[in-house]
Each structure stands twice: as C-alpha cells, then as structure tokens.
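Written out below as structure tokens is the structure these notes cover.
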Amino acid sequence: NAGVMQNPRHLVRRRGQEARLRCSPMKGHSHVYWYRQLPEEGLKFMVYLQKENIIDESGMPKERFSAEFPKEGPSILRIQQVVRGDSAAYFCASSPPTAQETQYFGPGTRLLVL
Amino acid sequence: SQKIEQNSEALNIQEGKTATLTCNYTNYSPAYLQWYRQDPGRGPVFLLLIRENEKEKRKERLKVTFDTTLKQSLFHITASQPADSATYLCALFSGGYNKLIFGAGTRLAVHP
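Protein chains in written order, with our numbering: chain A, 87 to 200; chain B, 455 to 566.
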C-alpha cells in the first residue's frame, strides 16, 4: 500500500508566478490535510479537506492561497503570485474516515521562491 | 493564548542511555496527544498516540506519558541508538477541529 504521495518534491518559482502542489492520499483515505513548515519551526495547519469539500481552512492565508480535493484526482494546493515568504516545506497528510486522529504524512514539497 | 512547548535546545546523549523529551501545553484540552519523528528533508512519521484517559503507552523501546493535570507529556527512548537521532515532534489533536497542533520539535542526537 503506497504511502501519501506528493509532487513535485522540489519547486522553484520566481516572485509573481503560481505554484501548484499535488497530494495523493493513501488508498482508502478520504481526509486530506495541508501543513506548512518554515525553517526551524513546527508544522502549521493550513487546511482540511474531504472529497469535494473544504472542511476547515482556518490556517490558510486569506489571499493567494487555495486548496481543492476533487472527486477524482489528487488534492491541489495552489499559491498564486508567490512571494519570498512563501518559501517553505509544504506537507500533505491523509487519514481514514474512521481514525481521523492518526495522520500519515507525505514527503513534502519544498518550495523556493527566488 | 494556546501554546505547545518542546525543549528548544538539542538533546545530546550517549548510546545506550534513555532519552527523555518534554512537551508542555497551555490552554488546550486535547483528546489525544501524539509523537512524530522527522528526519531532515522528510515528512513526519507517526510513532505513538496517547489518549486523555491513558497515563502511559509503550511501543518497543518507546514510552509516552500524559499528565492532563500538569498539561505535560514525556517521551522516552530507552537503550538509545545513533539511528534514533532525529527531530521529535509533539502534536495535539483537539477532536472537534480534526487538525494537529504541533510543537516546534526537539532535536535528539545519540552519540556512539
């Protein structure tokens, strides 16, 4: 059973460009979470999604950031008009519907904004 | 305000000794507390979960305690090995929100 997959693993963007980060949850998992980790800091919750629904986006910046988890395909975290402060590691986690407290993390996407 | 605190300084210990890491929290009433391991350049890996009505949990060389009165969890690695060197993250799960609240982590270095 493959774990949580994220791609790309590394992404370099220039200021003002768009970044698209993808996450495929573990098989059978219908809950997806996105977290951001700045250097030397802990992970910070961004958004929690179920298929076709955003359940909690309290940790997501109000502008430029959006997330989706369509009926088919991976979850996407989209950052428009990136700025240097967006440089971070972005982790996706998934959990099964019956055990939401245990989240399994992907390897992360490291975004560098030049 | 809500806070989760872990030892900010790295913990250096000799191989074979027991490593003890601390997680303190304020203004939370977590239903669960979890410990994760994170290696450089990788995602966190789940280690142990302890519920609010449990005092202690063990898994092989790992032991976690949870004191809801002190608002503290201790994470122990017995007979530590250099391969245990990593950053260990404490995380709270507050039931209704379905999100994990992480501490900044403690870096553990086990020396041969």
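Think of the CB as a built atom: it goes at the ideal place given N, C-alpha and C, for glycine as much as any other residue.
Query: Output the distance between the C-alpha atoms of residue 101 of chain A and residue 177 of chain A, rounded to the nearest integer angstrom.; Result: 21 Å
Query: Can you tell me whether residue 170 of chain A is helix, strand or coil according to DSSP?; Result: helix
Query: Find the nearest neighbour of residue 111 of chain A within the set A/179, A/185 and A/199, judged by alpha-carbon distance.; Result: A/179
Query: What did DSSP end up calling residue 538 of chain B once you bin it into helix, strand or coil?; Result: helix
Query: For the stretch 147–163 of chain A, enumerate the residues whose C-beta is nearer than 9 Å to any C-beta of chain B, in chain order.; Result: none
Query: Across which residues does DSSP place residue 150 of chain A in a beta bridge pair?; Result: Answer is none; residue 150 of chain A lacks a bridge partner.
Query: What are the partner residues of residue 563 of chain B, as DSSP defines its beta bridges?; Result: B/466
Query: Applying a beta-carbon distance threshold of less than 8 Å, which residues of chain A neighbour residue 558 of chain B?; Result: 126, 127 and 128
Query: Going along the chain, which residues of its own chain have a beta-carbon closer than 7 Å to the beta-carbon of residue 493 of chain B, five neighbours each way excluded?; Result: 540
Query: Which residue marks the beginning of the beta strand (DSSP E) containing residue 488 of chain B, and which one marks its end?; Result: 486–492
Query: Tell me whether residue 115 of chain A sits in a helix, a strand or coil according to DSSP, three-state version.; Result: coil
Query: State buried or exposed for residue 560 of chain B, treating a residue as buried only when at least 16 other CB atoms are found within 10 Å of its CB.; Result: buried
Query: On the DSSP bridge list, what partners appear for residue 91 of chain A?; Result: A/110
Query: Can you name the residues that DSSP bridges to residue 129 of chain A?; Result: A/123
Query: Per DSSP, which residues does residue 482 of chain B bridge with? Please list them.; Result: Bridge partners of residue 482 of chain B: none, in fact.
Query: Which whole-angstrom value is the C-beta distance of residue 459 of chain B and residue 536 of chain B, which I expect to be below 8 Å?; Result: Contact flag wrong, Cβ pair sits at about 27 Å.
Query: Residue 547 of chain B and residue 484 of chain B: beta carbons closer than 8 Å?; Result: yes
Query: Measuring from the CB of residue 162 of chain A, is there a heavy atom of the ligand ZN at a distance below 7 Å?; Result: Summarising the ligand content, the structure contains no ligands, and the ligand ZN is consequently not present.
Query: Throw me the rounded Cβ distance for the residue 129 of chain A and residue 123 of chain A pair, which I believe falls under 8 Å.; Result: 5 Å
Query: Determine the DSSP secondary structure at residue 200 of chain A, reduced to helix, strand or coil.; Result: coil
Query: Report the neighbours of residue 193 of chain A on chain B: residues whose CB is nearer than 9 Å to its CB, in chain order.; Result: 495, 496 and 497
Query: Please classify residue 521 of chain B as buried or exposed, where buried requires at least 16 other C-beta atoms within 10 Å of its C-beta.; Result: exposed
Query: Consult DSSP for residue 512 of chain B and reduce its assignment to one of helix, strand or coil.; Result: strand
Query: Using a beta-carbon distance below 8 Å, is residue 188 of chain A in contact with chain B?; Result: yes
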